[in-house]
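Quick notes on the structure that follows.
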Amino acid sequence: MRWRVIGGAGLATLLVASALIATQASRQFYGVDHPVNLLFYFHVSVAWVGFAGLAVAAVASAAYLRRPLPQRSWVAQAAVRVSFAFLTLTLMTGMVWGRYIWNSWWEWSDIRLVTALLVWFIYAGYLVYHREAKHAADYRRGAAFCVLAFVSVPITVASTRLWQSPFHGTTMTGDSVTIHLPAFLLALAGMSAVYVYLVALRRQVHAADQFIPASERPRS
Amino acid sequence: MTSLLPARPQTSTVPARAVAVRLEHVTKAYGARPAIDDVSLTIPTGSSVALVGANGAGKSTLLALLAGLLRPTSGRVTVHGCALEQRREASPRVGLLTHQTMLYDRLTGRENLVLHARLRGISLHRVDMALEQVGLVAAADRPAGSYSHGMRKRLALARVQLHEPDVLLLDEPFAGLDPDAQQRLARLLAALRGTTTILFTTHDLATAAAHADEVLQLDAGRVSRAGHPEDAGAEPADPDGASAPAAPRARPAGMLRTAWIVFRKDLTVEARGRATTSAVLILAGLLAVVLGMAFEPLAGNPRAVAGVLWVLVVFAALHGLTRSFDEDAHDDALRGVLLTGAEPAGVYLGRVASASVVLLAVALAALGAVAVLFAVPFPSGALPGLLVVLALAVLGLAAVGTVLTVIARHSPLGETLLPLLLLPLAVPVLLAGIESVATLLETGALDGGWLRILAFYAVGMLAASTIVFEHTVEG
Numbered sequence: 001m002r003w004r005v006i007g008g009a010g011l012a013t014l015l016v017a018s019a020l021i022a023t024q025a026s027r028q029f030y031g032v033d034h035p036v037n038l039l040f041y042f043h044v045s046v047a048w049v050g051f052a053g054l055a056v057a058a059v060a061s062a063a064y065l066r067r068p069l070p071q072r073s074w075v076a077q078a079a080v081r082v083s084f085a086f087l088t089l090t091l092m093t094g095m096v097w098g099r100y101i102w103n104s105w106w107e108w109s110d111i112r113l114v115t116a117l118l119v120w121f122i123y124a125g126y127l128v129y130h131r132e133a134k135h136a137a138d139y140r141r142g143a144a145f146c147v148l149a150f151v152s153v154p155i156t157v158a159s160t161r162l163w164q165s166p167f168h169g170t171t172m173t174g175d176s177v178t179i180h181l182p183a184f185l186l187a188l189a190g191m192s193a194v195y196v197y198l199v200a201l202r203r204q205v206h207a208a209d210q211f212i213p214a215s216e217r218p219r220s
Numbered sequence: 221m222t223s224l225l226p227a228r229p230q231t232s233t234v235p236a237r238a239v240a241v242r243l244e245h246v247t248k249a250y251g252a253r254p255a256i257d258d259v260s261l262t263i264p265t266g267s268s269v270a271l272v273g274a275n276g277a278g279k280s281t282l283l284a285l286l287a288g289l290l291r292p293t294s295g296r297v298t299v300h301g302c303a304l305e306q307r308r309e310a311s312p313r314v315g316l317l318t319h320q321t322m323l324y325d326r327l328t329g330r331e332n333l334v335l336h337a338r339l340r341g342i343s344l345h346r347v348d349m350a351l352e353q354v355g356l357v358a359a360a361d362r363p364a365g366s367y368s369h370g371m372r373k374r375l376a377l378a379r380v381q382l383h384e385p386d387v388l389l390l391d392e393p394f395a396g397l398d399p400d401a402q403q404r405l406a407r408l409l410a411a412l413r414g415t416t417t418i419l420f421t422t423h424d425l426a427t428a429a430a431h432a433d434e435v436l437q438l439d440a441g442r443v444s445r446a447g448h449p450e451d452a453g454a455e456p457a458d459p460d461g462a463s464a465p466a467a468p469r470a471r472p473a474g475m476l477r478t479a480w481i482v483f484r485k486d487l488t489v490e491a492r493g494r495a496t497t498s499a500v501l502i503l504a505g506l507l508a509v510v511l512g513m514a515f516e517p518l519a520g521n522p523r524a525v526a527g528v529l530w531v532l533v534v535f536a537a538l539h540g541l542t543r544s545f546d547e548d549a550h551d552d553a554l555r556g557v558l559l560t561g562a563e564p565a566g567v568y569l570g571r572v573a574s575a576s577v578v579l580l581a582v583a584l585a586a587l588g589a590v591a592v593l594f595a596v597p598f599p600s601g602a603l604p605g606l607l608v609v610l611a612l613a614v615l616g617l618a619a620v621g622t623v624l625t626v627i628a629r630h631s632p633l634g635e636t637l638l639p640l641l642l643l644p645l646a647v648p649v650l651l652a653g654i655e656s657v658a659t660l661l662e663t664g665a666l667d668g669g670w671l672r673i674l675a676f677y678a679v680g681m682l683a684a685s686t687i688v689f690e691h692t693v694e695g
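Set out below in structure tokens:
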């Protein structure tokens, strides 16, 4: 019940944030005035929450390796699954934005895009691996991979500072970006609440899975 | 014949019927199905116990739990008072013979035993004694891969006896042996009876009657009956007996020594099989010729050399690490190494070191071949920089690749999963490696920024993977 309340509150907050963004936020980013710039609020918040979720997954996986309580593995798996969906949304919203502003769906020379795609592939590998996991030893190996995979996240987050990027500036601190901070914080809070709700939901699925023989489990 | 009987303290110092092996409410589940279901058991020192039961009753799982090969889902297992989690204390006390012989095919019989003797920290003269005991002296210098099934099993028996374990665990030891080898084994078991605690599984009640003081019957993961062979149900083991004192034993090799032993073993295996080097050098020639013919502008282009070089190095890593792991996985050879009580981190570091050396040799050979075929001159003084860049890059690749190979090969998807796991994680190495080599070939100067990324990646991945490796190789 409490998770539904959190999820509902998250959706409501996102609605309020959307209204605020639509009416109050500036549509001018990087010197270009276009409504698609408003995607920024959702693109950044979904990316931040997705990456934070991967940090949660890494911590839960490390804890699982230290002491293999199934609950820790469920949290890690649920967090990766939901973060993967959030990362997919991040890439898609970024591509839509790029289509209008850069006149290109994808730019291989943009380090942030490329590193974000690599993170997506890395966690796709994690999900593929877990489709076939059956025994406790498989889950331990999955947890070990999750810990290693997290190395890619800080690299991606810091990529625009580590490497010169011709397109993707440092998102929040760039001179040519004026952010409506309350709207952004609301979007971030709403997205976080939705994330927590989805992880809790997914965790319950993993908890229920243990009562179903592996051979009869639906592949999700 | 030289005796293999252990030169241990007099048994008179050990309390009569003191407990050698104790299981307390041990459960081992695979998914929802318990293979061992809440088993509590004590086995007295020096007794010989037969485990009987139908296929799938849990006999082999019970032996694997006692050897520390598997972790119980719940409960506790101790051997002479040592919890099995204390690997370095418990491993010298246990010897396990399974259906897998845990031998390296490309090493000779003697080299296999020397490897285990070194890892266990015991004298190498035990190797010759063990070979003599199982009648393999004449075949000792042949590769184990050329042995018959029976010879492999005898060599495995020698491996198990090498460190004079207090507790000997034998999974269907008579299966697959010729009559002569069966007699040798029967004589060995008779000689050990009373001094070494022996647990063996069998389907044959006559074998149980001949070699056991006590029979345990396993049924669906539970011990359902215990007693003497001829009188099942009589005189169960004392559950409250004190554990037998643990006599001092040789300590298994430490982390760095283990790394050195595994490094030498891996290089020997690679030198005999040339699994990585030959395949990659053939691909190098093919790529150079095909790309050279297909793309005229590649001639004289240092960036093309860097690109082709890293395609080869990544191919070498994917191919070489997979083949190397297959050598380890074949017949559970790696499990055998871990059963010695050697530090898993040492095993990991040894494997990374050997993979790095092989990859570096491949990279240097490929770089020379591609540079010559693409007519790209080496700037004077570029070689030390190239060596540093290649060494750091292959170290990073080997560090992460070694762990990911183990993860991928344990998945039903096998080696098809490895590129998906490894390539995205290896991108920093590829990017920095290509840029560094291209810059070196163009200008002769080393780019400090890319070098720092390579160094940071190699050290970071090595540290993280050293910590998690142990969890990836457990059964």
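These protein sequence lines are chains U and A, in that order. For reference, each letter of the first sequence is one residue, going 1 to 220 in the numbering used here. For reference, each letter of the second sequence is one residue, going 221 to 695 in the numbering used here. Glycine is no exception: its CB is placed at the ideal position from the N, C-alpha and C atoms.
Between the beta-carbon of Arg340 of chain A and the beta-carbon of Ser368 of chain A, is there less than 9 Å?
Result no, Cβ atoms of Arg340 of chain A and Ser368 of chain A do not sit closer than 9 Å.
Which residue wins for smallest C-alpha separation from Pro393 of chain A, given the options A:Thr415, A:Gly414, A:Leu382, A:Gly370?
Pro393 of chain A has its Cα closest to that of A:Gly370, out of A:Thr415, A:Gly414, A:Leu382, A:Gly370.
CB contact check: Ala143 of chain U to chain A, cutoff 9 Å:
Taking a beta-carbon distance threshold of 9 Å, Ala143 of chain U counts as an interface residue toward chain A.
Mind reading off the beta-carbon distance from Ala629 of chain A to Phe545 of chain A? Whole number of angstroms is fine, and I expect it under 8 Å.
Here residue 629 of chain A is Arg; the residue named in the question, Ala, does not match the sequence. Indeed, because the Cβ distance is near 5 Å, the residues count as touching under 8 Å.
Listing by chain order, which chain A residues have their CB less than 8 Å from the CB of Ala79 of chain U?
The premise fails here: Ala79 of chain U is roughly 18 Å from chain A at the closest Cβ pair, so nothing lies under 8 Å.
Helix, strand or coil: which one does DSSP assign to Val357 of chain A?
Here Val357 of chain A sits in coil by DSSP.
Step through the CB atoms of chain U and report whether any lies within less than 9 Å of the CB of Gly278 of chain A.
No, its Cβ sits nowhere closer than 9 Å to a Cβ of chain U.
Taking only beta-carbon positions, decide if Ile256 of chain A is within less than 9 Å of chain U.
Contact with chain U is absent for Ile256 of chain A, since none of that chain's Cβ atoms lies less than 9 Å from the residue's Cβ.
So, Val128 of chain U versus Leu640 of chain A, is the Cβ gap smaller than 9 Å?
Closer than 9 Å, so yes.
Can at least three beta-carbon pairs, one atom from the segment 527 to 543 of chain A and one from the segment 287 to 307 of chain A, be found at a separation below 8 Å?
Touching, no.
Between the Cα of Ser294 of chain A and the Cα atoms of U:Val16, U:Pro68, U:Val75, which residue gives the shortest distance?
Per the Cα distances, U:Pro68.
Alpha helix (DSSP H) containing Arg203 of chain U: first to last residue?
From DSSP, the alpha helix (DSSP H) with Arg203 of chain U extends over 181 to 209.
Nearest-angstrom Cα distance between Arg407 of chain A and Gln437 of chain A?
Approximately 25 Å between the Cα atoms of the pair.
In terms of alpha-carbon separation, which member of A:Thr416, A:Gln403, A:Phe420, A:His336 lies closest to Leu390 of chain A?
With distances taken between Cα atoms, Leu390 of chain A lies closest to A:Phe420.
Residue span of the beta strand (DSSP E) that contains Lys248 of chain A, given as start and end
Per DSSP, Lys248 of chain A belongs to the beta strand (DSSP E) from 239 to 250.
Spatial neighbours of Val259 of chain A in its chain, beta-carbon cut-off 6 Å, leaving aside the 5 residues before and after
Leu243, Val246, Val443.
Exposed or buried, which one is His345 of chain A when buried takes at least 16 other CB atoms within 10 Å?
Exposed is the call here.
Distance CB(Leu409 of chain A)-CB(Val482 of chain A) smaller than 9 Å:
It is not a contact, given that the beta carbons lie outside the stated cut-off.
Partner residues on chain A for Glu107 of chain U, Cβ-Cβ distance less than 7 Å
None at all; the shortest Cβ gap to chain A is about 16 Å.
Tell whether a beta-carbon distance below 9 Å holds between Leu541 of chain A and Ala618 of chain A.
Cβ atoms of Leu541 of chain A and Ala618 of chain A: closer than 9 Å.
Which residues DSSP lists as bridging Ile418 of chain A, in chain order
For Ile418 of chain A, which the question treats as bridged, DSSP gives the partners A:Ser268, A:Leu388.
Check whether chain U comes within 9 Å of Glu694 of chain A, counting only Cβ atoms and requiring the distance to be less than that.
Chain U contact via Cβ: present.
Can you give me, in chain order, the residues of the segment 239 to 250 of chain A that have a beta carbon less than 7 Å from any beta carbon in chain U?
Against chain U - using a Cβ distance shorter than 7 Å - the residues of the segment 239 to 250 of chain A are Tyr250.
CB contact check: Ala207 of chain U to chain A, cutoff 9 Å
Using beta-carbon distances, Ala207 of chain U does not count as an interface residue toward chain A, since no partner is under 9 Å.
Could you work out which residues of chain A lie near Ala55 of chain U, taking near to mean beta carbons separated by less than 8 Å?
Chain A residues near Ala55 of chain U: none, gap ~15 Å exceeds 8 Å.
So if DSSP puts Ala76 of chain U in a beta bridge, which residue, or which two residues, is it bridged to?
Bridge partners of Ala76 of chain U: none, in fact.
Reducing DSSP to helix, strand and coil, say where Glu132 of chain U ends up.
In this structure, DSSP gives Glu132 of chain U a state outside helix and strand, which the three-state scheme calls coil.
What separation, rounded to the nearest whole angstrom, lies between the Cα atoms of Ala277 of chain A and Ile155 of chain U?
Cα to Cα, the separation comes out at about 50 Å.
Name the chain U residues that come within less than 8 Å of Ile627 of chain A, Cβ to Cβ?
Within 8 Å Cβ-Cβ: Tyr129, Arg141, Gly142, Ala144, Phe145.
Could you tell me whether the Cβ atoms of Leu660 of chain A and Ala586 of chain A are closer together than 9 Å?
No.
Determine the chain U residues that contact Val620 of chain A at a beta-carbon separation under 7 Å, and present them in chain order.
Those are Leu148, listed as they occur along chain U.
Taking just the CA atoms, how far does Tyr139 of chain U sit from Thr692 of chain A?
Taking the straight line joining both Cα atoms gives about 9 Å.
When burial is assigned at 16 or more other CB atoms within 10 Å of the CB, is Glu455 of chain A buried or exposed?
Unreliable positioning characterises Glu455 of chain A in this predicted model, as indicated by a pLDDT of 46, which lies under 50. The coordinate reading is nonetheless provided below. Classification of Glu455 of chain A: exposed, given that the 10 Å Cβ count is below 16.
At what residues does the beta strand (DSSP E) containing Gly295 of chain A begin and finish?
Secondary structure note for Gly295 of chain A: its beta strand (DSSP E) is the uninterrupted segment 294 to 299.
Pull up the distance between the alpha-carbon of Leu405 of chain A and that of Asp257 of chain A, whole angstroms please.
Between Leu405 of chain A and Asp257 of chain A, the C-alpha separation is close to 31 Å.
Could you tell me the distance, in whole angstroms, from the CA atom of Arg362 of chain A to the CA atom of Ile342 of chain A?
Approximately 23 Å, taken between the alpha carbons.
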